[in-house]
Amino acid sequence: MRDVYYPDIAVIEGIRNETGDVKTLTMRFKDPGIQENLTYRPGQFFEVSIFGIGEMPISITSTPSRKGFFELSIKNVGLVSGALHSLSSGAEVGIRGPFGNGFPYEGVFGKNLLFVGGGIGLAPLRSLINNVLDNHDNFGSVIILYGSRTPGDLVFRDEFKVWEDQPDVTMLVTVDRGDEKWTGNVGVVTTLFPKVKIESQKTVAFVCGPPVMIPFVIKDLLKLGFTEDTIISTLERHMKCGVGKCGHCCIGHKYVCLDGPVFSYREMRAMTE
Amino acid sequence: MSRYEEDLWIITRDNLLALMDVFIKTREVIAPVQGHGGEVIFYPIESIEDVAWDWQYVNAILPPKRFFLPQTEVMFEYGYDNGFKITPRYDDRARMIFGIRPCDVNALIFLDRFFGGGSLSKKSPDEEPFFPDSHYIRRRANTFIIAFGCHQPGENCFCVCCDAGPFLEEDYDLQLTSMNGEYAVEVGSARGLKIIYGNEHFFRMASTGEVEALGRIKKDALNKFADTCAYVSKAIRRVTEGKVDDCLWEKLGERCLDCGGCSYVCPTCCCYNIVDIPLSDKSGIRTRTWDSCAFSGFTRIAGGEIQRSDKKDRLKRRFFHKLSYQYIEKNKRHGCVGCGRCITTCLADISMPSVVEAIRKQEVIVQATRTLRHKEEI
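This is the structure we're talking about:
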């Protein structure tokens, strides 16, 4: 009986500073057998341990279609994330997982995909975006709409051009407030909707971002003709065990770590408390 | 009659004492003992003299869940020596719980399903454990259950209303019911049968008259429990259908003290927190400790925001979890066994019967006393 509370050890191989408070860590399991057998779905998360300090759930931002490593993007907001930010290449952390349900993947074959991201919310979406683009034959067109508060808060900037350069991919970026160097769009992410042609009947929308952004984006998506089943988002809760036992992430009948963190808008509306 | 074995056995009190002596030598025996304040608690015993007998107590003030999900438990140790090494810590000691009541056993069965072990005597094929909790399961697997059936309700008991007593039908090793100065012994599992066959000289088969006598005792007991009904099923319906007004939780929340006592004494509550404790700069332990959804910090996320910051939301959550039908589907029973400990413990009278009554009557009634029986007199 595998002990789900028992972390495996992973080593940090690379650190990229995305913004002032976000770092992307490229990691590899110390045991090559574990790394080789690693499978996960975009939208799933790992429980990352800094022994002696604690553990935190982090969405996997790399795509399972690229092997030999995995990536986590971490915003410095608390004890464990702060400790992760202080680590250097070669440091070891504990990893449990992958946990969670993941984004629908096979279920959206043949569809056009619309990604709407805000701030660090682009991190879990990136896993799905890259997985889709690595297998683009299975999907229709891809539109990525991304916004953050300031240009300094945009994450994965090096990848924007890689995505835009791919056939049948449109990407638009905006910031709430520009700076002297910013020449792109200014405004909240919903201001990007009128700038792209979206065929809502053929499209599934994936939305990830700060809580304040989600209701406005969903409202606009519904106006564009999306349904409660074609709007997919994620929920965040305080988590401890990651396996549906400690009770912290439970909402109504759902455990965000087991039945989520990915939920359709219909599922979110059905939550009873 | 017992589910596993049709035969009924009888053991005299002296033989039972002698049998317990045998067990004390081979495994840790946890039994009800009289504490300093006169209250009864479950505690490991050195000698059978320490035991409080079934007529001397209704139930221990704390549930026996702490022997399977300790209040604080080390999950693993970690050490750093040119790389991290982790050593899980399990408790596989052979133990026995003697004198546990049917309500508490039903609570353990509820926890079995939740923690992924399934019922130990019956595992249905669709009950695949999603993520089994190895710590709980291993403690549970190595512990015998010898229960005492209940002849009459205690002051705060309402197990019949919760389908959790006063006698067990299944999922136990042995169930003893006091009868004419001796004990009727029902066998609930293969392990229970082995206990009897391994110690045959202490037991004798029951006569037909004795089998009938036990039937009468059980019927009598059920009659005595008849007016302990707390109408839990009505509350289950209302909660499941979402027909409970929020202002009810608001009123109840106004007097909740956030002490978490309800969660601590409830035999089915099992939420926990996980805390890493460094013991040196290169080693330490990961522990888990009891937690309560009634605490304000239960849903605090990094950055400080609390997602259920209103007390009314936390109370609504707690009773939704205990009563709603979807959880009954998941765990095959609802989260209350009618042991009555919350009635004794909650200083603000937000016990299960009080809440159920409030849900039924759609209004909150403040009770001056903290016993179920006296409520009708007020």
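Chains as they are written, first to last, in this note's numbering: chain A, 32 to 304; chain B, 4 to 381. For glycine and all other residues, C-beta sits at the position ideal for the given N, C-alpha and C.
Residues of chain B with CB under 7 Å from residue i, in chain order?
i	result
A:V274	F134
A:E49	None at all; the shortest Cβ gap to chain B is about 18 Å.
What are the partner residues of residue i, as DSSP defines its beta bridges?
i	result
A:E102	A:T57
B:K88	B:G82
B:E185	B:T15, B:M182
B:I149	B:F101, B:L177
A:I81	A:G85
A:K285	A:I282
A:L203	A:L176
B:P281	B:G287
A:R127	A:E78
A:L145	A:I174, A:A236
B:V54	B:V36
Chain A partners of residue i, CB-CB under 8 Å?
i	result
B:A110	In chain order: nothing, as chain A lies at least about 16 Å away.
B:K319	E304
Residue i touches chain B at which residues, Cβ-Cβ below 8 Å?
i	result
A:V235	Residues of chain B passing the Cβ test: none, with the nearest at roughly 27 Å.
A:S112	A305
Look at the alpha carbon of residue i and the alpha carbon of residue j, and state the distance between them as a whole number of angstroms.
i	j	result
B:I33	A:P129	39 Å
A:R297	A:K106	29 Å
A:N216	A:G125	40 Å
B:D249	B:M208	57 Å
A:L266	B:G307	17 Å
B:D107	B:V340	7 Å
B:G191	B:I149	10 Å
A:Y37	B:L114	21 Å
A:M202	A:V219	15 Å
B:S122	A:T234	With a pLDDT of 46 at B:S122, under the threshold of 50, the modelled position of that residue is not reliable, and the figure given next carries that caveat. Going by the C-alpha atoms only, they are around 45 Å apart.
B:T271	B:L111	7 Å
B:E42	B:Y60	8 Å
B:R194	B:S137	21 Å
A:P242	A:A236	17 Å
B:A187	B:A167	20 Å
A:G133	B:G264	37 Å
B:N334	B:P66	19 Å
B:V235	A:G209	59 Å
A:T94	A:K142	19 Å
B:E131	B:L196	At B:E131, the pLDDT of 43 sits below 50, so the modelled position is not reliable and the matter cannot be decided from this model.
B:F71	B:V77	13 Å
A:T181	A:V206	5 Å
B:W56	B:N62	11 Å
A:I151	A:G240	7 Å
B:W12	B:Q365	49 Å
Kindly indicate which three-state DSSP category residue i falls into: helix, strand or coil?
i	result
A:M244	coil
B:Y330	helix
B:R3	Absent from the model: residue 3 of chain B. The displayed extent of chain B is 4 to 381, so no value can be given.
A:S94	Before going on, a small fix: residue 94 of chain A reads as Thr here, not Ser. In the structure shown, A:T94 sits in coil (DSSP, three-state: anything other than H, G, I, E or B).
A:D39	strand
B:W293	strand
B:Q37	strand
A:T221	helix
A:R300	helix
B:E131	Low confidence applies here, because B:E131 scores a pLDDT of 43, under 50, leaving its location unreliable and the question unanswered by this model.
B:E31	strand
B:F206	strand
B:P235	The residue you asked about is not Pro; residue 235 of chain B is Val in the sequence shown. Note: B:V235 maps to helix in three-state DSSP.
B:V77	strand
B:G245	coil
B:G201	helix
A:S119	coil
Please list, in chain order, all residues of the same chain as residue i whose beta carbon is under 6 Å from its beta carbon, the five residues on each side excluded.
i	result
A:V35	V274
A:R47	T55
A:A122	I43
A:H269	H279
B:Q155	K227
B:V358	F322
B:M99	F26, R30, V32, F147
Beta-carbon within less than 7 Å of residue i's beta-carbon, same chain only, minus the 5 sequence neighbours each way: which residues are those?
i	result
A:V163	L144, F170, V173
A:E86	E78, V79, S80, V111
Quick check on residue i - is its C-beta less than 7 Å from some C-beta in chain D?
i	result
A:E123	Here the protein chains are A and B, and chain D is not one of them.
How would you list, in chain order, the residues of chain B whose beta-carbon sits under 9 Å from the beta-carbon of residue i?
i	result
A:Y37	M78, F79, I89, P91, S137
A:R268	T302, I304, Q310
In chain A, what lies closer than 7 Å to residue i by C-beta?
i	result
B:Q329	H284
B:I239	Within chain A, no residue comes near B:I239; the closest Cβ sits about 14 Å away, beyond 7 Å.
Heavy atom of the ligand COA less than 6 Å from the Cβ of residue i, yes or no?
i	result
B:Y175	For the ligand COA, the structure offers nothing, since it holds no ligand at all.
Leaving out the 5 sequence neighbours to the left and right, which residues in its chain are closer than 8 Å to residue i when beta-carbon positions are compared?
i	result
B:V54	M23, A34, P35, V36, I48, F101, G102
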